[in-house]
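Chemist:
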Amino acid sequence: HVVFIFLFIILLYTGQGVGGLLLNSLSITTELMPGEATNVSKVSLTPQGSFGSWMSNLIDDVQREPSTLSVPFNDSMVKNQDASMFGQIIKITDISPGWAFSFEETKILVVGTVEEGRESITGLELYLVCGNYIAPVEVLQAGVYRCRFFPQTTGLVNLFLSIDGNHPISQIWTFEIRAPLLSNTPTSPENKADWVEFQLQMRLARLLFSSSKSMSVYSSGISQSALKEAKAFLKKTSDIPESWMSMEKMIEDAQLSFPHAKNRLFELILQNRLREFLLEKVVLGYKVFEHAECGLSVIHFCAILGYIWSVHLFSCSGLSLDYRDKFGWTALHWAAYHGKEKMAAALLSAGAKPNLVTHPTSKNRAGSNAADLASENGYDGLAAYLSEQALVTQFNDMTIAGNMSGSLEVEARVDDTLGNLVNLTEEQLNLKESVSAYRTAADAASRIHVAWMERSLRLRTKAVESSSPDMEARNIVAAMKIQHAYRSYETRKKMVAAARIQYRFRTWKMRKQFLSMRCKAIKIQAMFRGYQARKKYCKFIWSVGVIEKAILRWRMRRRGFRGLQLKVDNGETAGDLEEEFFKDSRRQAEERVERLVVRVQALFRSKRAQEEYRRMKVEHSKAAMEYE
């Protein structure tokens, strides 16, 4: 009884009470590991856990503050005692970095100092607790700790050092885990292409919905011709509202996936809005479209995105399919630049011209046609087909204008090849199509060159007839006709003769002697001509002076030659400039025709180009049947 009374008095004096003693005993038992449950008796018999030691520690701690409690301990005590009883052992002074991303592994450096009397903690295994993540700590040097962890959540979390992973032995810091930024996330090429397409769709939608003219249509009076054209346009495009019902039926029958259904819905919205947009243009009689900030119009965006349904709407509205943007590009130019074969086939079938040239730039002063743009991006088959169509179109335009006669007989060649298609393989069929394309292109190019030469001959004949007498003009015209008739033969003879002369005078010694002799002869001729000119000039000046002073000014009392004013005729200068302009245009046109033939010749160097050409030809045939 005396012992228990003494114990009760001590507990009252220290302020802990019986409840605190029971809680301490419970905390000791709860910290035991499952595998150490059988060693409870051993733990209770250790000197640190004895009643005498416990009493001495209690009596010593009466004079100390709770925050500076220092208890000697070892590994067994840490594993079997409550870690919260140690309090703050390490004082953290800095943490680097102060935040981390949630999608990448982060290395954290912790700098701190161990309180006096607690240096034995450095021999234990420490853990860094960051939110719900626990990572082992590596001691780099005294007071410097490092760990690596991979956070999963975002936001502000608690960060502290611990021995058991639950109770802190340092201050609790606030650590920020940030979400990944959109610009830092890696994007695949497929996602990048999708984003580019989405931006184009957004610009097209903005251009369609922001340029509405409905109020001006309602407020202005509509002419009868415009009303008639609008009714015809609505009649031709009456099948567009029915596409909503077909889409609903396809969704009910589960014929479309969810992504395809969303894309189809967006296209239907754009299609109906484009119909209203073109109807406003037809009613108001506008022939010019609005441009976006990048300089493109509605038809150009549709060509880049490959919206084939837009070609039918534009062709029904009567508006031009060859409308140019601010850089001189048509819809066919953009379709060829991006390799849209079906879009290019639809545009060609609807009447787009493949021989149009873009505006000249500093890099390309002659401009580029659709075939050049397709070839620059590696679409050789598409470039070859567009080159062939450009030559055929130019030949037809010159035939309609009366600059040439005849036909290319392309249809007859196609009919001849159709009978032998059954017994041919795929490779043979591609080769046969390539040969036929080259024949057509070469025939058209040769006929165009002949037409240009004949036109040049006619112009020179007219110039000679207008500037020379009749007899002389007849002789010159006859000579020019003979020269034109035998131009190729004479050119070959001259080329052979020039080659022989170059072969004989190619040696260094003979060439040097020839140049030296020619230089000396030129100098002698120049000196002699100068001497004669100076001699005659002096006589001429003396005679002119006599005439001017003695006869005109003194005898006849008139003004001399100095008072005469010659009239400068600027007609020849303007004519020369105009002639140079036409010569430059002719040269650029000839170079363009040669490039088109070379594009078709490229089919023989690539099987992939032959396949693209045949595929493009099939698509053009299908589109032509639809528009018929």
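Residue numbering for the sequence shown is -20 to -1, 1 to 608, as defined by mature numbering (1 follows the signal peptide of the UniProt record, and there is no 0). Cβ atoms here follow ideal geometry from the backbone N, Cα and C, with glycine treated the same way. Remember, it's a predicted structure, so these values are computed and weren't measured experimentally.
#1: Can you give me the start and stop residues for the alpha helix (DSSP H) that residue 247 sits inside?
#2: Would you decide whether residue 511 is buried or exposed? Buried here means 16 or more other CB atoms lie within 10 Å of its CB.
#3: Taking the C-alpha atoms as reference points, what is the distance between residue 350 and residue 425?
#4: Under the assumption that residue 317 contacts residue 277 (Cβ atoms under 8 angstroms), give the Cβ distance between them as a whole number of angstroms.
#5: Excluding the 5 residues preceding and the 5 following residue 288 in the sequence, name in chain order all residues of the same chain whose CB lies nearer than 7 angstroms to its CB.
#6: Can you tell me whether residue 179 is helix, strand or coil according to DSSP?
#7: So who's on the other strand from residue 156, going by DSSP bridges?
#8: Using a beta-carbon distance below 7 angstroms, is residue 267 in contact with chain B?
#9: I'd like the span of the alpha helix (DSSP H) that includes residue 291, first residue to last.
#10: Using a Cβ-Cβ cutoff of less than 7 angstroms, which residues in the same chain neighbour residue 236 once the five nearest sequence positions on both sides are dropped?
#11: Taking the C-alpha atoms as reference points, what is the distance between residue 428 and residue 375?
#12: Could you please give the first and the last residue of the uninterrupted beta strand (DSSP E) stretch that includes residue 93?
#13: How far does the beta strand (DSSP E) with residue 362 in it reach, from first residue to last?
#14: Measure the alpha-carbon distance for residue 589 versus residue 362 and round it to whole angstroms.
#15: If you reduce the DSSP assignment to three classes, tell me which class residue 282 lands in.
#16: In the DSSP output, what is residue 188 paired with across the bridge?
#17: Keeping to the same chain, check which residues put their C-beta closer than 6 angstroms to that of residue 127; ignore five residues upstream and five downstream.
#18: Which partner residues of residue 142 appear in the DSSP bridge assignment?
#19: Rounded to a whole number of angstroms, what is the C-alpha to C-alpha distance between residue 191 and residue 218?
#20: Report the rounded CA-to-CA distance for residue 620 versus residue 337, giving the unit in angstroms.
#21: Are at least three pairs of beta-carbons, each pair with one atom in the segment 179 to 191 and one in the segment 259 to 275, less than 8 angstroms apart?
#22: Quick one: give me the first and last residue of the beta strand (DSSP E) that residue 119 is part of.
#23: For the beta strand (DSSP E) that contains residue 124, what are its first and last residues?
#24: Could you give the DSSP three-state label for residue 69: helix, strand or coil?
#25: For the alpha helix (DSSP H) containing residue 303, name the first residue and the last one.
#26: Using DSSP with H/G/I as helix, E/B as strand and the rest coil, what is residue 163?
#27: When DSSP labels each residue in this structure, what does residue 530 get in the three-state scheme?
#28: Check each candidate in 203, 213 and 247 and name the one with the smallest Cα separation from residue 188.
#29: What first and last residue would you give for the alpha helix (DSSP H) that runs through residue 227?
#30: Which residues bound the alpha helix (DSSP H) around residue 204?
#31: What's the C-alpha gap between residue 172 and residue 286?
#32: Taking only the alpha-carbon atoms, compute the straight-line gap between residue 178 and residue 282 and give it to the nearest angstrom.
#33: Going straight from the alpha carbon of residue 406 to that of residue 593, what length do you get?
#34: Let me confirm a value: residue 93 is counted as buried when at least 16 other C-beta atoms fall within 10 Å, else exposed. Which label applies?
#35: Hey, residue 293 and residue 254: beta-carbon distance below 7 angstroms or not?
#36: Residues in the same chain with beta-carbon distance under 7 angstroms from residue 615, minus the five sequence neighbours each way, listed in chain order, please.
Modeler: The short version:
#1: 238 to 264
#2: exposed
#3: 17 angstroms
#4: At roughly 15 angstroms, the Cβ-Cβ gap does not stay under 8 angstroms, so residue 317 and residue 277 are not in contact.
#5: 322, 323 and 326
#6: helix
#7: Residue 156 pairs with 79 and 136.
#8: Although the question refers to chain B, the structure presented lacks it and comprises just one protein chain.
#9: 289 to 297
#10: 230 and 244
#11: 7 angstroms
#12: 86 to 94
#13: From DSSP, residue 362 is part of no beta strand (DSSP E) but of the alpha helix (DSSP H) over 360 to 380.
#14: 8 angstroms
#15: helix
#16: BP columns for residue 188 are empty, so no partner.
#17: Answer for residue 127: 88, 108, 115 and 117, listed in chain order.
#18: 107 and 148
#19: 23 angstroms
#20: Nothing about residue 620 can be read from this structure; the chain reaches only from -20 to 608.
#21: The answer is yes - the segment 259 to 275 touches the segment 179 to 191, with three or more Cβ pairs under 8 angstroms.
#22: 118 to 121
#23: Element bounds for residue 124: 124 to 129.
#24: coil
#25: Taken as a continuous stretch (DSSP letters only), residue 303 belongs to no alpha helix (DSSP H), as it is neither H nor E.
#26: Note that residue 163 scores 49 on pLDDT, short of 50, meaning its location in the model is unreliable and no value can be drawn from it.
#27: helix
#28: 247
#29: 223 to 232
#30: 204 to 216
#31: 18 angstroms
#32: For residue 178 and residue 282, the distance between alpha carbons rounds to 13 angstroms.
#33: 13 angstroms
#34: Residue 93 should be labelled exposed.
#35: yes
#36: The structure shown has nothing for residue 615, since the chain only spans -20 to 608.
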